[in-house]
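Residue numbers (our numbering), protein chains in the order written: chain A, 1 to 320; chain B, 1 to 311.
The beta-carbon is built from N, C-alpha and C at its ideal position, and this holds for glycine as well.
Encoded as structure tokens, the structure appears first; notes follow it.
Next up, the structure:
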């Protein structure tokens, strides 16, 4: 039984230049307590998927497909009904802790507000909960720090508060949209370890959205690779790293610089991301793929496979 | 080791400084500190405070009421009607023989009351409409901006005359009509600020946490634009006093025998050629003190709340 089931999700934006096909027929499931990564480069549509789950897409977006959560389609819910799902059932951790906190509100108030709204707690109880939440994300001296303003915290501490905001109602699913991108590497590690601890303690499902494969490797059970708004490959993280099946995944993994690599050369994937103004008629990666054949430029492969699923006519293992 | 270095490394210095470094300094605490460093603004606050005290308690030492005619002075106002402690007319009498002191107290009451009540009310109304227009955008925004543009083309003095011809010239009507004329105060600036803030991530975060739009506007966005509203209010209050004085000066303001600074200045100006200058000087002095103080307070608030623009 899956907690969240995204079926055939497509997101388009009407812009001055035409219709941007940001997400094309993406389907996936997340089981309770599962840690799933959504990997992709900039513009691959990964953040838009998270925003569509929360119902926070920009006004010029058109969405089709279904996002089932506990049997209800989130895309058809009214704002009021959605407000009862947000924070309580599904919460989101934003990318930039510098801007995700209101600079003119004490952090305590930003935390208490949520439980006052969703759980009807009084001021004193809400404050107690806020202190608990701040202690859960290991903010030292939470009792006193609760009355501070966001600018009085460091970046890592602010991200902890953003995480505390997402966790305070103990939601079943957390969407973490590049939670460590704005932080430096040592703080990144701390935050990921913290997320891991909290995840195993509360048994919350996590959808981790990132372009950082290093973060994925250490955290997620399963990884999904997105390119040009289309799911390219989904596999258990271990298998994905050991034996990437889709040429794009292989390219991504090769592009990660390796300190033991004497060559010292950066192996980027040649070419640039596809123009999303045209609807997809063939594999979006074909133009950049070294293994592409004529057929790749005319057919759109389906996602197939057992544990490892890939949308490719010429998967890596079939070639070697 | 020099003595300065020794001091910097002493335990006493650490304890001294640690307190300050640890204490939470909010935006408003910083702003308050900056405001209190501004001497002109402080003097102005003091002057305005005295004016308010004068308006509230000035009547305690008045010997006459503001509508009572001193029949003894009638007919010889130019010779005997000047300021005098002896006959109890500290500021002299007006051309009808009424006590100027009591009338200036009454005029200050009216002008300050209208200025603050109408000024604050119009900024609150304008800012709220502006915030909603900026937040929701779309058709509501178009309607508000259309209304704003149309309203700019309405000549407000004619509006005053017509309104008061229909509804009378009481203090309440005066405040109401000024609020109506000024409903656009702060609208544009707040709309612009909200349009900018609406796209900030913390607004998305608030929406993600399930807050309603109204809660987001009043609880999350409002604290971010409060400083704009405060500065704007400090500019609108003297403007409203000016507007009230202008329409009273033109004779469509407050109803006699009630009076205001503008009405008193108007009366004083009409008799100044007869040599009864005190009838103009006292209300004009109060008016100028109020305006200058309010402008300096506004200036001080802007410096304190928006320090980016300072040198």
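Looking at the strands, I want to know which residues DSSP matches up with residue i.
i: residue 316 of chain B; result: The question about residue 316 of chain B has no answer, for chain B in this structure spans 1 to 311.
i: residue 37 of chain A; result: A/208 and A/223
i: residue 68 of chain A; result: A/5 and A/73
i: residue 62 of chain A; result: A/12
i: residue 92 of chain A; result: A/175
i: residue 305 of chain A; result: A/309
i: residue 231 of chain A; result: A/226
i: residue 21 of chain A; result: A/12
i: residue 28 of chain A; result: A/6
i: residue 161 of chain B; result: Answer is none; residue 161 of chain B lacks a bridge partner.
Residue i touches chain B at which residues, Cβ-Cβ below 8 Å?
i: residue 153 of chain A; result: Correct list: empty, because the minimum Cβ distance to chain B is about 11 Å.
i: residue 83 of chain A; result: 210, 211 and 212
i: residue 165 of chain A; result: 205 and 209
Please list the partners that residue i has in chain A, where partner means a Cβ-to-Cβ separation under 8 Å.
i: residue 362 of chain B; result: What is shown of chain B runs 1 to 311, which leaves residue 362 of chain B out entirely.
i: residue 223 of chain B; result: 102, 104 and 105
i: residue 89 of chain B; result: Simply none; closest approach about 53 Å.
Between the options, which has its C-alpha nearest residue i's C-alpha?
i: residue 306 of chain A; options: A/233, A/250, A/253 and A/290; result: A/233
i: residue 214 of chain B; options: B/10, B/129 and B/95; result: B/129
i: residue 104 of chain A; options: A/124, A/149, A/112 and A/64; result: A/149
i: residue 98 of chain A; options: A/118, A/300, A/179 and A/48; result: A/179
i: residue 294 of chain B; options: B/6, B/96 and B/40; result: B/40
i: residue 115 of chain A; options: A/218, A/129, A/106 and A/102; result: A/129
i: residue 157 of chain A; options: A/169, A/134, A/73 and A/10; result: A/134
i: residue 107 of chain A; options: A/160, A/175 and A/213; result: A/160
i: residue 57 of chain A; options: A/123, A/12, A/181 and A/71; result: A/12
i: residue 274 of chain A; options: A/23, A/318, A/5 and A/7; result: A/23
i: residue 112 of chain B; options: B/226, B/175 and B/87; result: B/175
i: residue 291 of chain A; options: A/247, A/302 and A/270; result: A/247
i: residue 141 of chain B; options: B/92, B/192, B/119 and B/45; result: B/192
i: residue 27 of chain B; options: B/276, B/205 and B/224; result: B/224
i: residue 216 of chain B; options: A/83, A/66 and A/89; result: A/83
i: residue 118 of chain A; options: A/90, A/302 and A/17; result: A/90
i: residue 196 of chain B; options: B/66, B/135 and B/127; result: B/135
i: residue 137 of chain B; options: A/59, A/202, A/155 and A/126; result: A/59
Using a threshold of 7 Å, is the CB atom of residue i nearer than that to any non-hydrogen atom of the ligand NAP?
i: residue 34 of chain A; result: The ligand content of the structure shown is nil, which means the ligand NAP is not present either.
Within 10 Å of its beta-carbon, does residue i have 16 or more other beta-carbons around it, so buried, or fewer, so exposed?
i: residue 140 of chain A; result: exposed
i: residue 151 of chain A; result: exposed
i: residue 149 of chain B; result: exposed
i: residue 79 of chain A; result: exposed
i: residue 305 of chain B; result: buried
i: residue 277 of chain A; result: exposed
i: residue 311 of chain B; result: Below a pLDDT of 50, predicted positions are generally treated as unreliable, and residue 311 of chain B, at 44, falls in that range; the measurement from the model is reported next regardless. By the neighbour-count rule (16 or more Cβ atoms within 10 Å), residue 311 of chain B is not buried but exposed.
i: residue 265 of chain A; result: exposed
i: residue 208 of chain B; result: buried
i: residue 299 of chain A; result: exposed
i: residue 70 of chain B; result: buried
i: residue 11 of chain B; result: exposed
i: residue 108 of chain B; result: buried
i: residue 208 of chain A; result: buried
i: residue 4 of chain A; result: buried
Would you mind telling me which residues of chain A sit closer than 7 Å to residue i, beta carbon to beta carbon, in chain order?
i: residue 323 of chain B; result: Only positions 1 to 311 of chain B appear in this structure, which leaves residue 323 of chain B out of reach.
Using a cut-off of 7 Å between C-beta atoms, extract the partners of residue i located in chain D.
i: residue 27 of chain B; result: Chain labels in this structure do not include chain D; the protein chains are A and B.
What does residue i reach in chain B if we use C-beta pairs closer than 7 Å?
i: residue 101 of chain A; result: 202
i: residue 92 of chain A; result: 208
i: residue 96 of chain A; result: 201
Since residue i meets chain B, which of its residues come closer than 9 Å, beta carbon to beta carbon?
i: residue 114 of chain A; result: 209, 210 and 211
i: residue 54 of chain A; result: 204, 207 and 208
i: residue 88 of chain A; result: 210
**Item:** Ranges of the beta strand (DSSP E) found wholly within the stretch 182-231 of chain B, counting only runs of at least 3
**Value:** Those beta strand (DSSP E) runs which fall completely within the stretch 182-231 of chain B and span 3+ residues do not exist here.
**Asked** Where in the stretch 149-213 of chain A do unbroken runs of the beta strand (DSSP E), each at least 3 residues long, occur, reported from the N-terminal end onward?
**Response** Those beta strand (DSSP E) runs which fall completely within the stretch 149-213 of chain A and span 3+ residues are 173-177 and 205-210.
**Message:** Ignoring anything shorter than 4 residues, give me the alpha helix (DSSP H) runs that lie fully in the stretch 242-281 of chain B, in order along the chain.
**Reply:** Counting whole runs of 4 or more residues, the stretch 242-281 of chain B contains the alpha helix (DSSP H) stretches 261-271.
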